[in-house]
Amino acid sequence: MMKLLQIPNNLKAFLIEIGDLAYFAGRFFKEAFSRPFEFKELVRQCYIIGNRSLVLVGVTGFILGLVFTLQSRPTLMEFGAESWMPSMVSISIVREIGPMIIALICAGRISSGIGAELGSMRVTEQIDAMEVSGTNPFKYLVVTRIMATTLMVPLLIIFGDAIALYGSAIVENLKGDVSYQLYFNKIFNALKFSDLIPATIKSIFFGLAIGLVGTYKGYYCKKGTAGVGEASNTAVVYTSMLLFVIDFIAVFLADIFFEI
Amino acid sequence: MKNKIDTSPVLKIKDLKKSFGDNHVLNGFTMELFEGENLVIMGKSGSGKSVMIKCLVGLMESDSGDIEIMGKDIHQLERNELDNLRTKIGFLFQGSALYDSMTVRENLEFPLRKNKEKLKQKDALVLEALENVGLTDAIDLMPVELSGGMKRRVALARAIILKPKIIIYDEPTTGLDPITAKEIIELMREIQQKQGTSSLIITHDVDCARVTANRMILLIDGINYAEGTFQKLVTSTDKKIQAFFK
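Chains E and X supply the protein sequences, listed in that same order. The numbering used here applies: residue 6 is where the first sequence begins, and numbers increase by one. The numbering used here applies: residue 342 is where the second sequence begins, and numbers increase by one.
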């Protein structure tokens, strides 16, 4: 009977990890709004995270738009509903597919990068060196990176969505002889604020999750260089899981507040 | 090594204890570092030397015991006060711990960022620190472009840039070839004589201890097992002490 009541070690470790992550998030919010602010480092991180992910997000978005339209076209044609293509593509991409796919790409690109960078700084005592020089490394390394991902990921998602819609327009222009002007007019007619606002709010939380998990895994990295790889790897896995959870909650709440 | 030593302690540790589970690393370690003194702490790998200095600068929490730096009990300090106190301590890490995304110049400027007065003279201070370690040519290089010895010199320059009262050296010669190790030891002596700092040197390099120590402590089984000058300890008949100098 006692054995049945015992919590398995894996579950225990998972719950402890969730608790530690929640504590880490609490510390982030506390330190993010207290002086001194590290503006210079924040701008640098925004540049690194935003600028260096731009091409990857652009290419992904473009292929997403192309493939999505190419795959949907035959089915819509079967029902004689090609004219619905712009509405269907734009709503699907802006509401769900764009934010989710681009956030997952960012999780792979940004979260793992942050995990590896901070992990390597931890094992080579660079974080300790910052601490003993009188600088708060949590503020300098963690707060700036989480704020940068929270600001940059929504912008990257908007950029990726726009490129995906452009990719879709190219397919429709080549295959269906639809002019770009007509295609984009239809897109803008189909999209409402109730599509854009929840997606943008969701993107902000995606950015927060990407920064939070990446920095958490890197900041508390252990076990030497092997730990760096593990930090980078688990950062991507945990972030991806968290993105799906956030997405589920966001869709659930949007359904209540925006009647989608 | 002979230098002017004051009798007032700049650093005091009393009955420091630290355990990791059942592993009792420090079992009541006690020491004092006096102004202008070079104190060498020797101990085997895993004897708790690094744990002790991490507790000393607040990187690790001790289980019990008192730590007083320049008259201030570090356990009573707020975060800001501790940060201010840390600017008066230079720390040379075993692996140099240079920030690898920054140039040598940026590495040296980093400790100055909180001090507005010193930030105004940052160029002069960086140059002076690099001159002290003989590496002015490396100012715009990245850490990855430096050799092990050069990294250690830059780390030393970073440790002294704020002209600290105390410098803590964590295994300053580990991983270096004998010639570079000698150069680093010589630099430590020069800096001590120039700036009159108190130095706490953690090492298991007997040569380093012989050249730099005014006084030595042997850390065995988590306590200060033996204390005295290098000469006194090297001539001891105690087998545990002899093991260090063989």
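For every residue, glycine included, the Cβ atom is placed at its ideal position computed from N, Cα and C. This structure is a prediction, so every number in the text was calculated from the model and none was measured.
query: How big is the Cα-Cα spacing for residue 558 of chain X and residue 585 of chain X?; result: 12 Å
query: In the DSSP assignment, what are the bridge partners of residue 364 of chain X?; result: X:361
query: For residue 181 of chain E and residue 173 of chain E, I'd like the C-alpha separation in whole angstroms.; result: 11 Å
query: Got a sec: is the Cβ-Cβ distance from residue 430 of chain X to anything in chain B below 9 Å?; result: Considering every chain present, this structure includes no chain B. Its protein chains are E and X.
query: On the criterion of 16 or more Cβ atoms from any shown chain inside 10 Å, does residue 243 of chain E qualify as buried, or is it exposed?; result: buried
query: Less than 9 Å between CB atoms is the rule here; does residue 137 of chain E satisfy it with respect to chain X?; result: yes
query: Going by beta carbon distance, what residues of the same chain come within less than 7 Å of residue 366 of chain X, once the five residues before and after it are set aside?; result: 359, 360, 389, 392, 563
query: Between which two residues does the alpha helix (DSSP H) carrying residue 441 of chain X extend?; result: Premise fails: residue 441 of chain X is in no alpha helix (DSSP H) and is neither H nor E.
query: With distance defined between alpha-carbon atoms, name the residue in E:236, E:207, E:238 nearest to residue 249 of chain E.; result: E:207
query: On a Cα-Cα basis, can you pick out the residue from X:541, X:506, X:512 that is closest to residue 379 of chain X?; result: X:541
query: Note down the Cα distance separating residue 99 of chain E from residue 200 of chain E, rounded to an integer number of angstroms.; result: 7 Å
query: To which residues does DSSP link residue 40 of chain E through a beta bridge?; result: According to DSSP, residue 40 of chain E bridges with nothing at all.
query: With DSSP as the reference, please indicate the residues paired to residue 561 of chain X in a beta bridge.; result: X:564
query: By Cβ distance, which residues of its chain are closer than 8 Å to residue 178 of chain E, with the 5 residues on each side in sequence left out?; result: 184, 185, 188
query: Which residues does DSSP pair with residue 373 of chain X in a beta bridge?; result: X:353
query: Flag this pair as touching only if the region 162-173 of chain E and the region 63-73 of chain E have three or more C-beta atom pairs under 8 Å; answer yes or no.; result: yes
query: Beta-carbon separation of residue 145 of chain E and residue 25 of chain E under 9 Å?; result: no
query: May I have the straight-line CA-CA distance separating residue 536 of chain X from residue 43 of chain E, to the nearest angstrom?; result: 32 Å
query: Does the beta carbon of residue 385 of chain X sit closer than 9 Å to a beta carbon anywhere in chain E?; result: no
query: Should residue 37 of chain E be flagged as near chain X, meaning a C-beta pair shorter than 9 Å?; result: no
query: Just to confirm the assignment: which complete alpha helix (DSSP H) runs, minimum length 4, are found wholly within the region 440-521 of chain X?; result: 445-450, 457-461, 463-473, 489-501
query: What does the Cβ neighbour count give for residue 57 of chain E, buried or exposed, with the cut at 16 atoms within 10 Å?; result: exposed
query: Check residue 569 of chain X in the structure and name its three-state DSSP category.; result: strand
query: Under 9 Å, Cβ to Cβ, is there at least one residue of chain E near residue 436 of chain X?; result: yes
query: Given residue 113 of chain E, which residues of its chain have a CB within under 6 Å of its CB, disregarding the five upstream and five downstream residues?; result: 241
query: Examine the Cβ distances between the region 125-142 of chain E and the region 252-262 of chain E and report whether three or more of them are shorter than 8 Å.; result: no
query: Below 9 Å between beta carbons: does that hold for residue 28 of chain E and residue 143 of chain E?; result: no
query: Considering only their Cβ atoms, is the gap separating residue 528 of chain X from residue 497 of chain X smaller than 9 Å?; result: yes
query: Note down, in chain order, all residues in the region 449-460 of chain X with a beta-carbon under 8 Å from any beta-carbon belonging to chain E.; result: 451, 452, 454, 455
query: Quick check on residue 131 of chain E: buried or exposed, where buried means 16 or more other Cβ atoms within 10 Å of its Cβ?; result: buried
query: Starting from the beta carbon of residue 440 of chain X, find every residue of chain E whose beta carbon is closer than 9 Å, and list them in chain order.; result: 126, 131, 134, 135
query: Let me see if you follow: with CB-CB separation under 9 Å, is residue 506 of chain X close to chain E or not?; result: no
query: Just the Cα atoms here: how many angstroms apart are residue 84 of chain E and residue 92 of chain E?; result: 15 Å
query: Three or more C-beta pairs closer than 8 Å, one from the region 46-61 of chain E and one from the region 145-155 of chain E: is that the case here?; result: yes
query: In chain order, what residues of the same chain lie with their CB nearer than 6 Å to the CB of residue 448 of chain X, ignoring the 5 residues before and after it?; result: 439, 440, 499
query: For the beta strand (DSSP E) that contains residue 410 of chain X, what are its first and last residues?; result: 405-410
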